[in-house]
Amino acid sequence: MNAQSADVLIIGGGLMGASAAYFLRRRGVSVIVLERGLVGQQASGTNFGNARRQARNLQQLPLANRAYEIWKQLPQLIDDDLEFVQPGHIRVAYTEEQVGVLEKYARDTREYGLHLQMIYGDEMRARYPFLGKEVRAASLSPDDGHANPRLAAPAFARAAIRIGAHIFENTEVTELAKEGGEFRAGCSDGRVFRAPSMLVASGAWGDTMSAQFGEPVPLVARGPQLGVTEPMPYRIGPSIGVATPLLEETLYVRQIKRGNIIFGGCGRGPAHTDTRRAYVLPEHILTQFRQLARLLPPVARLSVIRTWSGIEGYMPDSLPIMGPSAKVSGLYYAFGFSGHGFQIGPGVGDVMAELIATGSTSTPIEPFLIKRFMQAPAEQVLAV
Amino acid sequence: MAQARVVVVGAGPAGVRCAEQLVAAGLRPIVIDEGRRDGGQIYRRQPEGFTRSYATLYGSEAQRAESLHRGFDALKGRIDYRSETLAWNITAGELHVVHEGAASRIGFDALIICSGATDRLMPVKGWHYAGTYSLGAAQIALKSQACSVGREVVFMGTGPLLYLVAYQYLKAGAKVAGVLDTSRLRDQLKALPQLLARPRLLRNGLSFMASLRKAGVPLLAGIEPLEIKGDAQQGVQSVVVREANGAQREIACDAVAMGYHLRPETQLADLARCAFRFDPEGRQWLPEVTLEGRSSVPGVYLAGDGARILGADGAENAGRLAALSALADLGLQVDRAAVEQLLGQQQKMDRFRRGLVQGFPWPVQQAAQLPDEAIVCRCESITAGELRRVTREMGACEANRAKAFSRVGMGRCQGRYCGQAGAEIVAHAAGVPVELVGRLRGQAPVKPLAVVTREEQE
Numbered sequence: 001m002n003a004q005s006a007d008v009l010i011i012g013g014g015l016m017g018a019s020a021a022y023f024l025r026r027r028g029v030s031v032i033v034l035e036r037g038l039v040g041q042q043a044s045g046t047n048f049g050n051a052r053r054q055a056r057n058l059q060q061l062p063l064a065n066r067a068y069e070i071w072k073q074l075p076q077l078i079d080d081d082l083e084f085v086q087p088g089h090i091r092v093a094y095t096e097e098q099v100g101v102l103e104k105y106a107r108d109t110r111e112y113g114l115h116l117q118m119i120y121g122d123e124m125r126a127r128y129p130f131l132g133k134e135v136r137a138a139s140l141s142p143d144d145g146h147a148n149p150r151l152a153a154p155a156f157a158r159a160a161i162r163i164g165a166h167i168f169e170n171t172e173v174t175e176l177a178k179e180g181g182e183f184r185a186g187c188s189d190g191r192v193f194r195a196p197s198m199l200v201a202s203g204a205w206g207d208t209m210s211a212q213f214g215e216p217v218p219l220v221a222r223g224p225q226l227g228v229t230e231p232m233p234y235r236i237g238p239s240i241g242v243a244t245p246l247l248e249e250t251l252y253v254r255q256i257k258r259g260n261i262i263f264g265g266c267g268r269g270p271a272h273t274d275t276r277r278a279y280v281l282p283e284h285i286l287t288q289f290r291q292l293a294r295l296l297p298p299v300a301r302l303s304v305i306r307t308w309s310g311i312e313g314y315m316p317d318s319l320p321i322m323g324p325s326a327k328v329s330g331l332y333y334a335f336g337f338s339g340h341g342f343q344i345g346p347g348v349g350d351v352m353a354e355l356i357a358t359g360s361t362s363t364p365i366e367p368f369l370i371k372r373f374m375q376a377p378a379e380q381v382l383a384v
Numbered sequence: 001m002a003q004a005r006v007v008v009v010g011a012g013p014a015g016v017r018c019a020e021q022l023v024a025a026g027l028r029p030i031v032i033d034e035g036r037r038d039g040g041q042i043y044r045r046q047p048e049g050f051t052r053s054y055a056t057l058y059g060s061e062a063q064r065a066e067s068l069h070r071g072f073d074a075l076k077g078r079i080d081y082r083s084e085t086l087a088w089n090i091t092a093g094e095l096h097v098v099h100e101g102a103a104s105r106i107g108f109d110a111l112i113i114c115s116g117a118t119d120r121l122m123p124v125k126g127w128h129y130a131g132t133y134s135l136g137a138a139q140i141a142l143k144s145q146a147c148s149v150g151r152e153v154v155f156m157g158t159g160p161l162l163y164l165v166a167y168q169y170l171k172a173g174a175k176v177a178g179v180l181d182t183s184r185l186r187d188q189l190k191a192l193p194q195l196l197a198r199p200r201l202l203r204n205g206l207s208f209m210a211s212l213r214k215a216g217v218p219l220l221a222g223i224e225p226l227e228i229k230g231d232a233q234q235g236v237q238s239v240v241v242r243e244a245n246g247a248q249r250e251i252a253c254d255a256v257a258m259g260y261h262l263r264p265e266t267q268l269a270d271l272a273r274c275a276f277r278f279d280p281e282g283r284q285w286l287p288e289v290t291l292e293g294r295s296s297v298p299g300v301y302l303a304g305d306g307a308r309i310l311g312a313d314g315a316e317n318a319g320r321l322a323a324l325s326a327l328a329d330l331g332l333q334v335d336r337a338a339v340e341q342l343l344g345q346q347q348k349m350d351r352f353r354r355g356l357v358q359g360f361p362w363p364v365q366q367a368a369q370l371p372d373e374a375i376v377c378r379c380e381s382i383t384a385g386e387l388r389r390v391t392r393e394m395g396a397c398e399a400n401r402a403k404a405f406s407r408v409g410m411g412r413c414q415g416r417y418c419g420q421a422g423a424e425i426v427a428h429a430a431g432v433p434v435e436l437v438g439r440l441r442g443q444a445p446v447k448p449l450a451v452v453t454r455e456e457q458e
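Listed in order, the protein sequences are those of chains A and B. 142 is the number that the numbering used here gives to position 142 of the first sequence; each next residue is one higher, with no gaps. 294 is the number that the numbering used here gives to position 294 of the second sequence; each next residue is one higher, with no gaps.
The following block contains the structure:
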């Protein structure tokens, strides 16, 4: 098998890279994916698994809608359902002010096709008897759901391989360059891969890659902090998130069919991109415990059996870097998903494949272009 | 300068001797123990108010048990002893503990982990039925509560604990339905020269076997476990094995105690970010540790069976050595001659350890032959077939990946009881050496932690 060159070289085998490889192959484009560890090990495999459109930035909703269509077509597309279920997603508020925020969001998202329902008082208590007494209202997004993040990127990778993608795990890229109209990726074991187009989908390491092409961005690596309880009877249904401006209240919770309850939020931990490890902060787990007892009192009777973290790339404006390079032709980016890339992941792969294969995309991605971080000296002069 | 803060985790043979050595050097260590009383597993003390004698409880080891307990009692007032306290996490310079639902953190200059070991288990079809225990659990029931795990108990597995516990049951008046050892007599004979490094232990082992034989208990060597028969309501009803001569044999019983020697309890070392290495003789991953007890992380020391399985006497020495290393690293005077003497003894212990590994080998082939329908992960009820499927069809050839895809090792025990067998099954299914499969990474909390746990401000 000679797979040292292809039409597109993808750096990073997370959900974005793996799904882009899949959708590129569907368009008949040859593709090589280089992954330093195993596919889907970092943010793609360690996140909470929320497959929700609710609570997304409005600018992201067209992309989220495109991703939603893909989620619904599983497993016909990739022969795996990723444990995707749609019991709905509720966003709850502890204060009147936040109830107002939820109501406004429900109105604003109507034009994007979200059918959010505000539920209050007795009706809310009847539907969600497990919610704590501080909860004032819930905004239900009936079609949202959750999936198993550990399975997602590997399943897309297997599907991509079945239709001809070349995916190399344990392959560490040490140098990137464009020479003679071709991108070149040199690996630590001496192998060199080439392609006329390249997609940087390396998550929290995306900024180091873009910097090599003169486009540094202010990405910060952080670790989500997640945990899982022992199982209890399956009762909860929707995944739940708290709408709040206070970081320590931002808990999110879901129950899987087996009965275990998975939770995350309330802040982030440090992440070490050099050693590729992110550790859970003990004090953080205890904060989550307090918030769990507040949001879902019955859960306080359980024990937590495991906690984990991973490495995610955050942008200062919480929007990803997606689209073509502003400087180098043939170079594309899809990284920095700021802790909410899971649901849109398959959509990102589809959009990037469309963009690379056809030169344009039917889903607007203007707000995510890397050029928003480019220094613009001329304009600065004018501004003075 | 304020006195150095040294924290010892575990009050078994290693922890107690370690604390003793620290106190002798003028320190007041903090000793954290999950148990209600000191002694660890092997010298577990009976609850207050129980009055069995040392001879009854510990047999040939009565003197050693008494010496350790007296040693610990003498430390009262000179150490900060915190029993029934779980060490659940470690961060830089801090040990995180929970006691009676309250979490707190303990800063340390040196941390000495004496976490002990648990049984090493190999699944067998039907081992999820009620009435299947580990050898260690069967022993605890007897020592701590004077209870037998069943009316007719089969002991199955391999290693010295197999004969010891069976003998203890016999002596306590329980009916031992059989002692079924997967190791062959010729392995045991071949290991004799190394086992002679500790003649007293060898003699003890042989005398347990002789007593069992004299009592008419079937002792079978070189068996292959086939199935524990039973049902969800009644629990265990019998054990089916293939004997060394190829004949199949079924032995009726209402409880089974199993174990294949020991596996070190390494989660705390892992959380302390200690490096690990694969031990090809024992086919398991162990934290890197010098004979003096130094781990790869400065200020973190490992002693006892939690680091290297040398048994109780080896653990006492290791505890002393780790304490002396910590004292030396803290800049205190230590007696070099004492260190040298302990090191000499440890070399003998290590020779004996190698004999045990050779004489009572981990039955790798059993993992390969485990039927697809047998459960591997009891916490999550995942079968060998499912684990093989994710290995072959989903390409999960690495332990954590196989866990992510199949859930083997994801439950309450966090892979303590299925991790090593799971790795063997993956290795066989993938056709790779087991060391390439790697090991499950430790994740806090070390044991399940109640959501009602709150941090106490010290």
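Don't be surprised by glycine CBs; every beta carbon is placed ideally from N, CA and C.
In the three-state reduction of the DSSP assignment, A/Leu82 falls in the coil class. When 8 Å is used as the limit between beta carbons, B/Arg454 is near these residues of chain A: Leu286, Phe289 and Arg290, in chain order. Any Cβ of chain B closer than 7 Å to the Cβ of A/Ile240 would place that residue at the interface, and such an atom is absent. In this structure, the alpha-carbon of A/Phe48 lies about 51 Å from that of B/Leu220. Of all residues in the region 385-398 of chain B, only Met394, Gly395 and Glu398 come within less than 8 Å of chain A when Cβ atoms are compared, listed by chain position. For A/Phe263 against A/Leu251, the beta-carbon gap comes to about 6 Å, under 8 Å, which counts as contact. The C-beta of B/Arg45 comes no closer than 7 Å to any C-beta of chain A. Residue-level contact check: B/Ala404 touches chain A, since one or more beta carbons of chain A fall below 7 Å from its beta carbon. Of the residues A/Glu111, A/Arg56 and A/Leu151, the one whose Cα lies closest to the Cα of A/Ala43 is A/Leu151. Between A/Leu61 and the set A/Leu319, A/Tyr333, A/Ala334 and A/Ala221, the nearest pair of CA atoms involves A/Leu319. By DSSP's assignment, A/Leu199 forms a beta bridge with A/Ile10 and A/Tyr332.
With a threshold of 16 other beta carbon atoms within 10 Å, A/Arg66 meets it and is buried.
When only Cα atoms are considered, B/Arg389 and A/Asp79 end up about 15 Å apart. Rounded to the nearest whole angstrom, the C-alpha separation of B/Leu195 and B/Leu356 is 7 Å. Going by beta carbons, B/Glu340 and B/Ser104 fall outside the 7 Å limit. Contact between B/Glu393 and B/Gly438 does not hold, since the beta-carbon distance rounds to 20 Å and is not under 8 Å.
Following the DSSP letters along the chain, one finds B/Cys377 in no alpha helix (DSSP H) but inside the beta strand (DSSP E) bounded by residues Ile375 to Cys377. In the DSSP assignment, B/Tyr81 falls within the beta strand (DSSP E) that extends over Asp80 to Arg82.
Annotation for B/Ile425: the continuous alpha helix (DSSP H) segment containing it runs Gly419 to Ala430.
Along the region 436-452 of chain B, going in chain order, the ones with a CB nearer than 8 Å to a CB of chain A are Gln443, Ala444, Pro445, Pro448, Leu449, Ala450, Val451 and Val452. In the DSSP assignment, B/Met349 falls within the alpha helix (DSSP H) that extends over Arg336 to Gly359.
Contact annotation: in the region 97-119 of chain B, residues whose CB is within less than 8 Å of a CB in chain A are Ala103 and Arg105. Chain order gives the chain A residues near B/Gln414 as Ile305 and Arg306, where near means a beta carbon separation below 9 Å.
In this structure the region 308-326 of chain A touches the region 269-283 of chain A; the number of beta carbon pairs closer than 8 Å is three or more.
The beta carbons of B/Leu321 and B/Leu302 sit no closer together than 7 Å. A Cβ of chain A is located within less than 7 Å of the beta carbon of B/Arg401.
The residues Ser30, Val31, Ile32 and Ala195, in chain order, have a CB closer than 6 Å to that of A/Ala6 in the same chain once the five nearest residues on each side in sequence are set aside. Counting only residues of its own chain and dropping the five nearest sequence neighbours on each side, A/Phe373 has a CB closer than 6 Å to the CB of Val217.
Listed by position along chain A, the residues whose Cβ is nearer than 7 Å to that of B/Asn89 are Pro282. Separation of B/Arg78 and A/Gly267 (C-alpha to C-alpha, rounded to the nearest whole angstrom) is 41 Å.
The C-beta of B/Gln3 has fewer than 16 other C-beta atoms within 10 Å across all chains shown, which makes the residue exposed. By the neighbour-count criterion, in which 16 or more other beta carbons inside 10 Å mark a residue as buried, B/Gln21 falls on the buried side. Ranking B/Arg17, B/Gly59, B/Leu291 and B/Gly359 by CA distance to the CA of B/Asn204 puts B/Gly59 first.
The three-state secondary structure of B/Glu398, taken from DSSP, is coil. What A/Val299 touches in chain B, judged by beta-carbon distance under 8 Å, is Val451, going in chain order. Taking a beta-carbon distance threshold of 7 Å, A/Arg294 does not count as an interface residue toward chain B.
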